[in-house]
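Okay, structure first, notes after.
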Amino acid sequence: MNHTLKTIWILVLILIFILAFSSSYSNLSMDNLAYVLAIAVDTSDTNKLEVSFQFSTPLPAESSGSEKASDLINTVTASSLSNAINLVNGYLGKQINLSHCKVMIFSEELASQGISDEIYTLINDTQVRPSSNIIISKCTAKYYLEETKPELENLISKYYETFTDSSNYTGYMPDATIGNFFNNLVCKTCEPYAILGGVSLSPSESSDEIDSQKDYNIKANESSIQGKNSAENIGVAVFKEDKLVGELNALETIAFLTTRNKLDRFLVSVPDPLNQSNYLDIYLTPVHSSNIEVDTSSPNPYIKVKFSFAGRIYSMSENSDYLSPEVLDRVSNSCNRYLESTFSDYFYKSSKDFKADINGFGRYALQNFFTSKEYEDYHWSEIYKDAFFDVEVDTSVKSGMLINEI
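According to our numbering, the stretch in the sequence shown is residues 630 to 1035, in order.
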């Protein structure tokens, strides 16, 4: 009898648990959730935000493996990002879930006004992943979203996961995440930065006269690349606190990433010492991490940065002797002078024009003070604009990958 009562009580408890959690399970099921892949935020004529949400629609069960999944974009005007999410929840009849959101896009116009409210809102949402990338679009954020059409991926979510990988070997854009942006926003030794995005020019808009030696001067919205995917990411969006204050082109982005030790290798064109009207393409690999010293003994910080690279020649003139040690030494010296000028120009641009220490030199300056109070009294964020820079580059260039002495 006791055994029968025990069995009945167990069955009653199981029934109670089923009834108690059946509704919550139903609410959290995938059928009741709308997964956001990307969010684009623009300004609005009504002094509100125009927020676009990109969702992925599942493929039919009978679809082939090569068929691409489609996506849809819903746009709403609201007074805040939180209200925009709430409005779309009602429109879709499903609860928006941001756990799969890979990209946050803000228009250049909105970023110049300040995006701290949006950043804090997103970081405060436990569903948002700190690894999600943040892009500042030179066109409207919605247009950038609409023109993002991956050619080599069936799933746009897969493209969003991997598109920043090229930063490791081209140096044309940073791998900028919303987590790092927030950390830089609240820290006192550096400033935030983001990926600079845009849409490539149409053939009618691009210039007929293109200087091949100035490829590195381009930024997003300026390249002549043509393809199905018109969205492009070239350069860095520079912030002073939460406001956009400037942009870096491709070459300046290489300097930025190399300084922060975020670049595995990169290609650069340097003057040919054997022919001043020609340029050599050199593939460079950092030998050591950048060596940074910051002297704060005076009101004008003195920043010394040393770089060391190993290089390979990629392009050559037909009759030039690029195998002789003398010529390779001259190429190395040409590379040193070119890079020293490039890095120095970039550093002074960040301090004089932007007044924003996106390089994180403040971390090295902090080591010179015994207490945080002493560092705060130095006012690094304000005094960075008065900094002086000393750049030293040591490059050892060898001949091309497949060319050896016989």
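Glycine residues also receive a C-beta, built at the ideal position from the N, C-alpha and C atoms.
This structure is a prediction, so every number in the text was calculated from the model and none was measured.
Notebook entry, point to check: When you compare only the Cα positions, how much space is there between methionine 802 and asparagine 862?
Noted result: Residue 802 sits at position 173 when you count from the first residue of the sequence shown. Residue 862 sits at position 233 when you count from the first residue of the sequence shown. Going by the C-alpha atoms only, they are around 7 Å apart.
Next item on the list: Hey, could you find the ends of the beta strand (DSSP E) asparagine 920 is sitting in?
Entry: Numbered from its first residue, the sequence shown carries residue 920 at position 291. Run containing asparagine 920: 920-924, per the beta strand (DSSP E) assignment.
Item checked: Whole-angstrom distance between valine 899 and serine 906, CA atom to CA atom -> As a position in the sequence shown, residue 906 is number 277, starting the count at 1. As a position in the sequence shown, residue 899 is number 270, starting the count at 1. Distance between the alpha carbons of serine 906 and valine 899 is about 11 Å.
Notebook entry, point to check: What is the rounded straight-line gap between the Cα of aspartate 754 and the Cα of asparagine 676?
Noted result: Start at 1 with the first residue of the sequence shown, and residue 754 comes out as number 125. Start at 1 with the first residue of the sequence shown, and residue 676 comes out as number 47. If you take the alpha carbons of aspartate 754 and asparagine 676, they lie about 24 Å apart.
Next item on the list: Could you name the residues of the same chain whose beta carbon sits closer than 8 Å to that of tyrosine 845, not counting the 5 residues immediately before and after it, in chain order?
Entry: Here residue 845 corresponds to residue number 216 of the sequence shown, with the count starting at 1. So the qualifying residues of the chain are Asn878, Ala879, Leu880, Ile883, Val897 and Ser898.
Notebook entry, point to check: So which of Asp1023, Ile744 and Val874 has the shortest CA-CA distance to arginine 959?
Noted result: Taking the sequence shown and counting its residues from 1, the one referred to as residue 959 is at position 330. Among Asp1023, Ile744 and Val874, the Cα nearest to that of arginine 959 is on Asp1023.
Next item on the list: Indicate the three-state DSSP secondary structure (helix, strand or coil) for arginine 889 in the structure shown.
Entry: In the sequence shown, residue 889 corresponds to position 260, counting from 1. Three-state result, arginine 889: coil.
Item checked: Run of the beta strand (DSSP E) containing phenylalanine 684, from where it starts to where it stops -> If you number the sequence shown from 1, residue 684 lands on position 55. Phenylalanine 684 -> beta strand (DSSP E) spans 678-685.
Check: From this set, Phe983, Phe936, Val956 and Asn997, which residue's C-alpha is nearest serine 970's C-alpha?
Finding: As a working mapping, residue 970 is identified with position 341 in the sequence shown. Ranking Phe983, Phe936, Val956 and Asn997 by Cα distance to serine 970 puts Phe936 first.
Checklist line | lysine 1002, DSSP secondary structure in three states | finding: Position 373 of the sequence shown, counting from 1, holds the residue named residue 1002. The answer is helix: DSSP assigns lysine 1002 an H, G or I state.
Check: When we look at the beta-carbon of proline 821 and count the other beta-carbons within 10 Å, is it buried (16 or more) or exposed?
Finding: Against the sequence shown, residue 821 aligns to sequence position 192. Buried.
Check: Is leucine 892 closer than 8 Å to alanine 866 when the C-beta atoms are compared?
Finding: Looking up residue 866 in the sequence shown gives position 237. Looking up residue 892 in the sequence shown gives position 263. Cβ distance not < 8 Å, so alanine 866 and leucine 892 don't count as in contact.
Checklist line | Backbone CA spacing between phenylalanine 810 and aspartate 804 [nearest angstrom] | finding: Taking the sequence shown and counting its residues from 1, the one referred to as residue 810 is at position 181. Taking the sequence shown and counting its residues from 1, the one referred to as residue 804 is at position 175. Between phenylalanine 810 and aspartate 804, the C-alpha separation is close to 11 Å.
Next item on the list: Give every residue of the same chain whose Cβ lies closer than 8 Å to the Cβ of asparagine 965, excluding the five residues on either side of it in the sequence, and list them in chain order.
Entry: Within the sequence shown, the letter at position 336 stands for residue 965. Result list for asparagine 965: Val1022, Asp1023 and Thr1024, in chain order.
Note to self: What would DSSP say about asparagine 762, mapped onto helix, strand or coil?
What the structure shows: Taking the sequence shown and counting its residues from 1, one reaches residue 762 at position 133. Three-state DSSP puts asparagine 762 in a strand.
Next item on the list: Could you tell me the distance, in whole angstroms, from the CA atom of glutamine 855 to the CA atom of serine 829?
Entry: Position 226 of the sequence shown, counting from 1, holds the residue named residue 855. Position 200 of the sequence shown, counting from 1, holds the residue named residue 829. Taking the straight line joining both Cα atoms gives about 7 Å.
Notebook entry, point to check: Using the C-alpha atoms, what's the distance from glycine 989 back to alanine 1016?
Noted result: Counted from its first residue, the sequence shown places residue 1016 at position 387. Counted from its first residue, the sequence shown places residue 989 at position 360. Each residue's Cα considered, the two are about 13 Å apart.
Item checked: Beta-carbon spacing of serine 956, leucine 909 below 8 Å -> Here residue 956 corresponds to residue number 327 of the sequence shown, with the count starting at 1. Here residue 909 corresponds to residue number 280 of the sequence shown, with the count starting at 1. Correcting the residue type first, residue 956 is valine in the shown sequence and not serine. No. Outside cutoff.
Next item on the list: Whole angstroms is fine: what's the gap from glutamate 782's alpha carbon to tyrosine 789's?
Entry: Against the sequence shown, residue 782 aligns to sequence position 153. Against the sequence shown, residue 789 aligns to sequence position 160. Straight-line Cα distance between these residues: approximately 10 Å.
Notebook entry, point to check: Sorted by chain position, which residues of the same chain lie with C-beta nearer than 8 Å to asparagine 703's C-beta, five sequence neighbours on each side aside?
Noted result: Residue 703 sits at position 74 when you count from the first residue of the sequence shown. Once the five neighbours on either side are set aside, the close Cβ partners of asparagine 703 are Ser681, Phe682, Phe684, Val717, Tyr720 and Leu721.
Item checked: Member of Glu870, Asn929 and Thr777 whose CA lies at the smallest distance from the CA of glutamine 742 -> As a first step, residue 742 must be located in the sequence shown, where it is residue number 113. It is Glu870.
Notebook entry, point to check: aspartate 746 lies in the alpha helix (DSSP H); which residues open and close that run?
Noted result: Taking the first residue of the sequence shown as 1, we reach residue 746 at position 117. Run containing aspartate 746: 745-753, per the alpha helix (DSSP H) assignment.
Note to self: Rounded to whole angstroms, what is the Cα-Cα separation between lysine 848 and threonine 793?
What the structure shows: Here residue 848 corresponds to residue number 219 of the sequence shown, with the count starting at 1. Here residue 793 corresponds to residue number 164 of the sequence shown, with the count starting at 1. Their Cα atoms are separated by approximately 16 Å.
Next item on the list: Under 8 Å Cβ to Cβ from serine 961, same chain only, skipping five residues before and after it: list those, please.
Entry: Residue mapping note: residue 961 aligns to position 332 of the sequence shown, counting from 1. Excluding sequence neighbours, serine 961 sits near Gly940, Thr1024, Ser1025 and Val1026.
Checklist line | Test item: CB-CB of serine 859 and glutamate 776 under 8 Å | finding: The count along the sequence shown starts at 1 and reaches residue 859 at position 230. The count along the sequence shown starts at 1 and reaches residue 776 at position 147. Taking 8 Å as the Cβ cut-off, serine 859 and glutamate 776 qualify as a contacting pair.
Checklist line | Backbone secondary structure at asparagine 812 - three-state DSSP | finding: Taking the first residue of the sequence shown as 1, we reach residue 812 at position 183. In the structure shown, asparagine 812 sits in a helix (DSSP, three-state: H, G or I).
Notebook entry, point to check: Do you know offhand how far valine 920's Cα is from leucine 666's?
Noted result: What you label residue 920 is simply residue 291 of the sequence shown in a count that begins at 1. What you label residue 666 is simply residue 37 of the sequence shown in a count that begins at 1. Correcting the residue identity first, residue 920 is asparagine in this sequence and not valine. Cα to Cα, the separation comes out at about 39 Å.
Item checked: Residue nearest to lysine 872 in terms of C-alpha spacing, selected from Asp746, Asn661, Lys981 and Ala707 -> Position 243 of the sequence shown, counted from the first residue, corresponds to residue 872. Among Asp746, Asn661, Lys981 and Ala707, the Cα nearest to that of lysine 872 is on Asp746.
Next item on the list: Tell me, to the nearest whole angstrom, how far the beta carbon of leucine 678 is from that of alanine 713; I am working on the premise that it is less than 8 Å.
Entry: Along the sequence shown, one-based indexing puts residue 678 at 49. Along the sequence shown, one-based indexing puts residue 713 at 84. So it is a contact: roughly 6 Å between Cβ atoms.
Notebook entry, point to check: Any heavy atom of the ligand PLP closer than 7 Å to the Cβ of serine 741?
Noted result: The ligand PLP is not part of the structure shown, which contains no ligands of any sort.
Checklist line | Buried or exposed by the 16-neighbour rule on C-beta atoms within 10 Å, applied to lysine 767 | finding: As a first step, residue 767 must be located in the sequence shown, where it is residue number 138. It counts as buried.
Note to self: Helix, strand or coil for arginine 894? Go by DSSP, reduced to three states.
What the structure shows: Counted from its first residue, the sequence shown places residue 894 at position 265. Arginine 894 falls in the coil class under three-state DSSP.
Margin query: Using the three-state DSSP reduction, which class does phenylalanine 976 fall into: helix, strand or coil?
Written below: Counting from one through the sequence shown, the residue named residue 976 turns up at place 347. Of the three classes helix, strand and coil, the one that applies to phenylalanine 976 here is helix, per DSSP.
Checklist line | Beta-carbon proximity of tyrosine 1007 to phenylalanine 998, cut-off 8 Å | finding: Within the sequence shown, numbered from 1, the residue matching residue 1007 stands at position 378. Within the sequence shown, numbered from 1, the residue matching residue 998 stands at position 369. Yes, they are a contact pair.
Check: Hey, would you say cysteine 819 sits closer than 8 Å to isoleucine 987, going by beta carbons?
Finding: Indexing the sequence shown from 1 puts residue 819 at position 190. Indexing the sequence shown from 1 puts residue 987 at position 358. Cβ distance < 8 Å, so cysteine 819 and isoleucine 987 count as in contact.
Item checked: Where the beta strand (DSSP E) through lysine 872 begins and ends -> The sequence position of residue 872 within the sequence shown is 243, counting from 1. Lysine 872 -> beta strand (DSSP E) spans 872-877.
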